[in-house]
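These notes are about the structure you will find just below.
In the UniProt record's numbering, the protein residues as written are 1 to 530.
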């Protein structure tokens, strides 16, 4: 018998969870009536959730997250409707079979998502469907911050922080959704998959350049909550030692990652739950040791930077570009077309072991010790979202935050590796060609005598590439180029936009803190710290 009940639809995109999900709670209101049912919906439309540029690991993570929700819905007699097609066409078919009374979704703060949602709003208005958006992917509504700044995004983190202080603390998480009385609709739709999809069903295949090593992240709300519990133990342990931001200050590139950024990116974990978990734990610690109880924003700084980048991107459809992006300095970068150095970088064959190990880890695990690009990394990173990825890339490429890179000693792939992995275990794990290389040469294998190379079975230039550049020379050259550009951009005639329009640090101290540099500029950026 065909189910012809009216429907309430919860359109899942980033909020792939039952906890702290206002949109889900709103959709469930009234769906327990005899004439009205509930439809949880996810749509593969080719662009949402970054699926227009996505690698195998992130697609696997996304599908695992959807499967986790599906299994939770099944416990209450329902199932997750996984669709393929445009949102309008999918909703039209649902509306024709189960007239939609209400559709809810979590706010997507990125410009691309807003355009999609505006089209759905127009469809709902024309068909008399009630459309309700709930904010929850970010701690604060980016549009409230922009409005408080006179209708434009704040271009420095200091200004952003002052506005946030005026707005007040973020809302606490709402109670978990109660599915015990939900009446799930079980109609058959043409857009549904015959079976739960795999990455291969969506034409996404493993990266074949390097052998896979180990899966380090599993998608899904239940796994994310387990990750949060482990992370909180890690944070509390560091509070007791008088420290904070352990992932940034003490990165461990060999152990399983403690970062929650993939969980936050897909909303398997509520950012509000994480934020208040950290704040409350710190309050309890302060109270236990007799300190004055107050919010220490430093302990949640990475989450606030995430908010900052989302706010920057909300009103800027060109945030991921250079020339059309009003916040980005149009540096004349060398073209990547037919560029042997860039090709070597993409293939993880630069001849600098720590860089190559990072690229190979990215392809095999969807995780890496630091972000060094945008499009390549956006495709393969598990936690890639446009606002945060592009914002970080503008920092590291000096495209918006020029004060931090006035020191040529900041990033050295040899010293960086030695500092963070003195025994070379990270390199040996991801570059098996060098697994027998003596430790003294592990980060500079081209310096190993020929007889040593023969003995370990790795001839540089044959089994493992020679360095694509002379790092010392190219570093000096790039430093001179950047200083020249800074001089040019300091003059109005050479600068197409005034500096105040660019995204830039409030001062050099802020830039140094963001990049985790020491004052002498010799300590390099650490792991992603969220």
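Using N, Cα and C, we set each Cβ at its ideal position, and we do this for glycine too.
Check each candidate in the options and name the one with the smallest Cα separation from residue i.
i           : options               : result
residue 20  : 476, 43, 316 and 225  : 225
residue 67  : 81, 77, 56 and 76     : 81
residue 42  : 54, 156 and 106       : 106
residue 228 : 204, 242 and 278      : 278
residue 286 : 328, 240, 321 and 267 : 240
residue 282 : 329, 265, 234 and 317 : 234
residue 190 : 143, 451, 94 and 178  : 94
residue 540 : 452, 116 and 207      : Any property of residue 540 remains undetermined from this structure, which presents the chain solely from 1 to 530.
residue 5   : 34, 12, 11 and 138    : 34
residue 53  : 65, 90 and 202        : 202
residue 460 : 434, 484 and 477      : 434
residue 64  : 207, 153 and 219      : 219
residue 276 : 267, 199, 299 and 263 : 299
residue 60  : 316, 207, 436 and 452 : 207
residue 268 : 222, 242 and 91       : 222
residue 44  : 91, 151 and 436       : 91
residue 154 : 297, 457, 50 and 310  : 310
residue 144 : 109, 36, 113 and 128  : 109
residue 316 : 36, 166 and 112       : 112
residue 288 : 236, 244 and 320      : 236
Output the boundary residues of the beta strand (DSSP E) element that contains residue i.
i           : result
residue 533 : Limits of the chain in this structure are 1 at one end and 530 at the other, which puts residue 533 out of reach.
residue 10  : 6 to 12
Taking DSSP as the reference, what is the three-state secondary structure of residue i?
i           : result
residue 192 : strand
residue 464 : strand
residue 127 : coil
residue 84  : strand
residue 104 : strand
residue 3   : coil
residue 33  : coil
residue 132 : strand
residue 342 : helix
residue 266 : coil
residue 90  : helix
residue 309 : helix
residue 239 : helix
residue 372 : Residue placement at residue 372 cannot be trusted, given a pLDDT of 35 that sits under 50; the coordinates are not used to answer.
Would you say the beta carbon of residue i comes nearer than 7 Å to a heavy atom of the ligand NAP?
i           : result
residue 262 : Here there are no bound small molecules, and the ligand NAP is not part of this structure.
For chain C, check one thing: does any of its Cβ atoms lie closer than 8 Å to the Cβ of residue i?
i           : result
residue 343 : In summary, chain C is missing from the structure at hand, where a single protein chain is found.
What is the residue span of the alpha helix (DSSP H) that residue i lies within?
i           : result
residue 40  : From DSSP, residue 40 is part of no alpha helix (DSSP H) but of the beta strand (DSSP E) over 36 to 44.
residue 74  : 56 to 74
residue 157 : 157 to 167
residue 271 : 271 to 288
residue 218 : Per DSSP, residue 218 belongs to no alpha helix (DSSP H) and is neither H nor E.
residue 553 : Given a span of 1 to 530 for the chain in the structure shown, any question on residue 553 remains unanswerable.
residue 147 : 142 to 148
residue 333 : That residue, residue 333, is in no alpha helix (DSSP H); it is neither H nor E in DSSP.
residue 417 : 413 to 420
residue 427 : 425 to 430
residue 355 : 353 to 365
Our contact map puts residue i next to residue j with C-beta atoms below 8 Å; I'd like the distance itself, whole angstroms only.
i           : j           : result
residue 475 : residue 351 : Going by Cβ atoms, the distance from residue 475 to residue 351 rounds to 15 Å, so no, they are not a contact pair.
residue 386 : residue 313 : 6 Å
residue 359 : residue 381 : No, residue 359 and residue 381 are not in contact; Cβ-Cβ is about 12 Å, not under 8 Å.
residue 58  : residue 384 : 7 Å
residue 193 : residue 272 : Not quite, the Cβ-Cβ distance comes to about 32 Å (not below 8 Å), so this is no contact.
residue 101 : residue 7   : 7 Å
- Message: Does the region 299 to 309 come into contact with the region 381 to 391, if we say contact requires no fewer than three beta-carbon pairs (one atom in each stretch) closer than 8 Å?
- Response: yes
- Kindly confirm or deny that the region 10 to 24 and the region 173 to 188 touch, where touching means at least three C-beta pairs closer than 8 Å. yes
- Is the region 117 to 129 in contact with the region 24 to 38, if contact means three or more CB pairs nearer than 8 Å? no
- Could you say if the region 69 to 86 and the region 33 to 48 meet the contact criterion of at least three C-beta pairs nearer than 8 Å? yes
- Evaluate contact between the region 413 to 420 and the region 440 to 453, counting only Cβ atoms and requiring at least three cross-stretch pairs below 8 Å. yes
- Do the region 152 to 167 and the region 5 to 16 meet, that is, are 3 or more Cβ pairs less than 8 Å apart? no
- With contact counted as at least three CB pairs below 8 Å, one residue from each stretch, are the region 421 to 438 and the region 316 to 330 in contact? no
- Task: Report yes or no: do three or more beta-carbon pairs, one from the region 123 to 137 and one from the region 331 to 338, lie closer than 8 Å?
- Result: no
- Counting Cβ pairs, one atom from each stretch, are 3 or more of them under 8 Å apart for the region 136 to 150 and the region 341 to 360? no
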